[in-house]
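Undergrad:
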Amino acid sequence: MDDSSPQEGGFWSSLVGIFKNKNGHTLEDAIREALRDGELTSHDVPMLLGVLRLQRLYVHELMVPRTDIVCCEVSAGLDEVCRLIVEEGHSRIPIFEGDKDSIIGIIHSKDLLGVLLTPPEKRPEIREVMRPPLFIPENKNVRDMLHEFLKRRQHLAIAVDEYGGTSGLITLEDVIEEIVGDIEDEHDVDEPDEIQELPDGSHLVSGRLELEELNERFLVNLISDQVETIGGYLCELTGRVPKQGETFTLQGLRLTVKEADKKQIRWLHLKTASPGMAQDALAADPSKAKPGE
1 MDDSSPQEGG FWSSLVGIFK NKNGHTLEDA IREALRDGEL TSHDVPMLLG VLRLQRLYVH
61 ELMVPRTDIV CCEVSAGLDE VCRLIVEEGH SRIPIFEGDK DSIIGIIHSK DLLGVLLTPP
121 EKRPEIREVM RPPLFIPENK NVRDMLHEFL KRRQHLAIAV DEYGGTSGLI TLEDVIEEIV
181 GDIEDEHDVD EPDEIQELPD GSHLVSGRLE LEELNERFLV NLISDQVETI GGYLCELTGR
241 VPKQGETFTL QGLRLTVKEA DKKQIRWLHL KTASPGMAQD ALAADPSKAK PGE
């Protein structure tokens, strides 16, 4: 069931209506055309494109992976929570009991202000200060997740896998960064090509390149029911965000992570194997993919 509100549906319908059917182009093309026609300013375009990207993104592509979550054991005490807030610079700290698969609450820094003014002997326990956590599936669409954030007035959620285990953490700030984070110059709204051919015949490939386009360009057959991009595919393959320098061999393609952060793969170096190897790979089971040596 679609739980989108009428207001949200109206926004997306209006957005589609504004740019509807400009010579059969995609919304992205129509937005750029509107910029050229003076219907939009250079300030508007990057954010509109960022909003559209949310429809193609899933929580596991943006989340901080489980291994990188900054959290606190419930028995550690409020002093430890305060230390993490100061040292890590986070305003919200997840609280777990036993291990990270058992997140039982979230402590917000502003909830600690009154506590710190209380004499130490009268300070409450962590359980009395923490708020209930919001759990969301790791395969939830980011646009739907944003709607849930707004509905529940939440800024942070714990992503869980199909077994209910903690797989990551995602915040409202992560989503906002996805919308506006690519703005580098107000006069330069063009994004780098997602496939860039290098002088030696290899390619620089964006982690956001859709699998369908990669399959067509390089004659492979990478398929996933959960993700749509090559970056997401590699994260799904490994169960984490691969680090810079890691190499994978996929159906005759050799992919090396060139740039990545704790949330996603940004750029990959792609080198094709010999035609014979690529043809053999296409004939094989498309789900077989292994890390390179």
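Residue numbers (full-length UniProt numbering): 1 to 293. Where is the CB? At the ideal position from N, CA and C, for every residue including glycine.
Check whether the Cβ atoms of Gly165 and Asp101 lie closer than 9 Å to each other.
TA: Along the sequence shown, read from residue 1 onward, the residue named residue 165 stands at position 165. Along the sequence shown, read from residue 1 onward, the residue named residue 101 stands at position 101. For Gly165 and Asp101, yes; Cβs fall inside 9 Å.
Undergrad: Using the three-state DSSP reduction, which class does Arg131 fall into: helix, strand or coil?
TA: Locating residue 131 in the sequence shown gives position 131, where the first residue counts as 1. Three-state DSSP puts Arg131 in a strand.
Undergrad: Could you tell me which of Ile136, Leu78, Leu156 sits nearest to Glu121, measuring between CA atoms?
TA: Working through the sequence shown from its first residue, we reach residue 121 at position 121. Of the listed residues, the one whose Cα sits closest to Glu121 is Leu78.
Undergrad: Leu268: buried (16+ other C-beta within 10 angstroms of its C-beta) or exposed?
TA: For the purposes of this step, residue 268 is taken as the residue at position 268 of the sequence shown. Buried, by the Cβ-count rule.
Undergrad: Using the Cα positions of Lys140 and Val227, report the straight-line distance between them to the nearest angstrom.
TA: Walking along the sequence shown from the start, residue 140 turns up at place 140. Walking along the sequence shown from the start, residue 227 turns up at place 227. If you take the alpha carbons of Lys140 and Val227, they lie about 11 Å apart.
Undergrad: Tell me the residue span of the alpha helix (DSSP H) that contains Ile85.
TA: Sequence index remark: in the sequence shown, residue 85 carries index 85 (1-based). That run of the alpha helix (DSSP H) goes 78–88.
Undergrad: If I follow the unbroken beta strand (DSSP E) through Leu204, where does it start and stop?
TA: On the sequence shown, residue 204 is found 204 positions in, with the first residue counted as 1. Segment 203–206, the beta strand (DSSP E) holding Leu204.
Undergrad: Classify Gly245 as helix, strand or coil using the three-state DSSP reduction.
TA: To locate residue 245, count along the sequence shown from 1; it is residue 245. In this structure, Gly245 counts as coil in the three-state DSSP scheme.
Undergrad: Do the stretch 228–243 and the stretch 195–215 make contact, defined as three or more Cβ pairs closer than 8 Å?
TA: Yes: the two stretches touch, three or more of their Cβ pairs being nearer than 8 Å.
Undergrad: Any contact between the stretch 246–257 and the stretch 209–222? By contact I mean 3 or more CB pairs, one from each, below 8 Å.
TA: Yes: the two stretches touch, three or more of their Cβ pairs being nearer than 8 Å.
Undergrad: Please confirm if Gly98 has its CB atom under 9 Å from at least one CB of chain C.
TA: Reference to chain C is not applicable here, since this structure consists of a single protein chain.
Undergrad: In whole angstroms, what is the alpha-carbon distance linking Phe248 and Ala260?
TA: The sequence position of residue 248 within the sequence shown is 248, counting from 1. The sequence position of residue 260 within the sequence shown is 260, counting from 1. C-alpha separation (whole angstroms): 15 Å.
Undergrad: So is Tyr163 buried or exposed if we call it buried at 16+ other beta carbons inside 10 Å?
TA: Taking the first residue of the sequence shown as 1, we reach residue 163 at position 163. Label assigned to Tyr163: exposed.
Undergrad: How long is the line joining the alpha carbons of Arg66 and Pro119, rounded to whole angstroms?
TA: Residue 66 sits at position 66 when you count from the first residue of the sequence shown. Residue 119 sits at position 119 when you count from the first residue of the sequence shown. For Arg66 and Pro119, the distance between alpha carbons rounds to 35 Å.
Undergrad: Please classify Asn141: does DSSP put it in a helix, a strand, or coil?
TA: The residue labelled residue 141 in the question sits at position 141 within the sequence shown. Here Asn141 sits in strand by DSSP.
Undergrad: State yes or no: is the C-beta of Asp225 within less than 9 Å of the C-beta of Met63?
TA: What you label residue 225 is simply residue 225 of the sequence shown in a count that begins at 1. What you label residue 63 is simply residue 63 of the sequence shown in a count that begins at 1. In this structure, Met63 does not lie closer than 9 Å to Asp225 by Cβ.
Undergrad: Are there 16 or more other CB atoms within 10 angstroms of the CB of Phe135, so buried, or fewer, so exposed?
TA: Residue numbering aside, residue 135 sits at position 135 when the sequence shown is read from its first letter. With fewer than 16 other Cβ atoms within 10 Å, it is exposed.
Undergrad: Which stretch, first to last residue, makes up the alpha helix (DSSP H) that contains Thr238?
TA: As a working mapping, residue 238 is identified with position 238 in the sequence shown. It spans 230–238 - the alpha helix (DSSP H) in which Thr238 sits, taken as one unbroken run.
Undergrad: Who are Thr171's beta bridge partners in DSSP?
TA: As a working note, residue 171 is residue 171 in the sequence shown. Paired residues: Leu156.
Undergrad: Between which two residues does the alpha helix (DSSP H) carrying Gly114 extend?
TA: Translated into positions along the sequence shown, residue 114 becomes position 114. Taken as a continuous stretch (DSSP letters only), the alpha helix (DSSP H) holding Gly114 covers 112–116.
Undergrad: So for Lys258, helix, strand or coil by DSSP?
TA: By one-based count along the sequence shown, residue 258 stands at place 258. Three-state result, Lys258: strand.
Undergrad: Within the same chain, show all residues whose beta-carbon is closer than 8 Å to that of Met1, passing over the 5 residues directly before and after it, in chain order.
TA: Translated into the one-based positions of the sequence shown, residue 1 becomes position 1. Model confidence at Met1 stands at a pLDDT of 42, short of 50, so the residue's coordinates are unreliable; what they give is reported in the following sentence. Within the same chain, Met1 has no close Cβ partners at all.
Undergrad: What separation, rounded to the nearest whole angstrom, lies between the Cα atoms of Asp188 and Lys263?
TA: For the purposes of this step, residue 188 is identified with residue 188 of the sequence shown, where counting begins at 1. For the purposes of this step, residue 263 is identified with residue 263 of the sequence shown, where counting begins at 1. Note that Asp188 scores a pLDDT of 40, beneath 50, so its modelled location is shaky and nothing firm can be said.
Undergrad: Does the distance from the C-beta atom of Pro94 to that of Ile176 stay below 9 Å?
TA: Working through the sequence shown from its first residue, we reach residue 94 at position 94. Working through the sequence shown from its first residue, we reach residue 176 at position 176. No, the Cβ-Cβ distance between Pro94 and Ile176 is not below 9 Å.
Undergrad: Are the CB atoms of Cys71 and Ile126 within a distance shorter than 9 Å?
TA: As a position in the sequence shown, residue 126 is number 126, starting the count at 1. As a position in the sequence shown, residue 71 is number 71, starting the count at 1. It is not a contact, given that the beta carbons lie outside the stated cut-off.
Undergrad: So which of Glu61, Gly89, Ala76 has the shortest CA-CA distance to Asp99?
TA: Your numbering for residue 99 matches position 99 in the sequence shown. The residue with the shortest Cα to Cα distance from Asp99 is Ala76.
Undergrad: What do you reckon, are the CB atoms on Leu57 and Glu178 nearer than 9 Å?
TA: On the sequence shown, position 57 is the one that residue 57 refers to. On the sequence shown, position 178 is the one that residue 178 refers to. Yes, these two residues count as a Cβ contact at 9 Å.
Undergrad: Please classify Glu184 as buried or exposed, where buried requires at least 16 neighbouring CB atoms within 10 angstroms.
TA: Position 184 of the sequence shown, counted from the start, is the residue given in the question as residue 184. For Glu184, the predicted structure reports a pLDDT of 42, less than 50, and the residue's modelled location is therefore unreliable. A value from the coordinates is still provided. Counting Cβ neighbours within 10 Å, Glu184 comes out exposed, since fewer than 16 surround it.
Undergrad: Grab me the residues of Pro242's own chain with a C-beta within less than 8 Å of its C-beta, minus the 5 sequence neighbours each way, in chain order.
TA: Taking the sequence shown and counting its residues from 1, the one referred to as residue 242 is at position 242. Cβ neighbours of Pro242 beyond the five flanking positions: Leu234, Cys235, Phe248, Val257, Ala260, Ile265.
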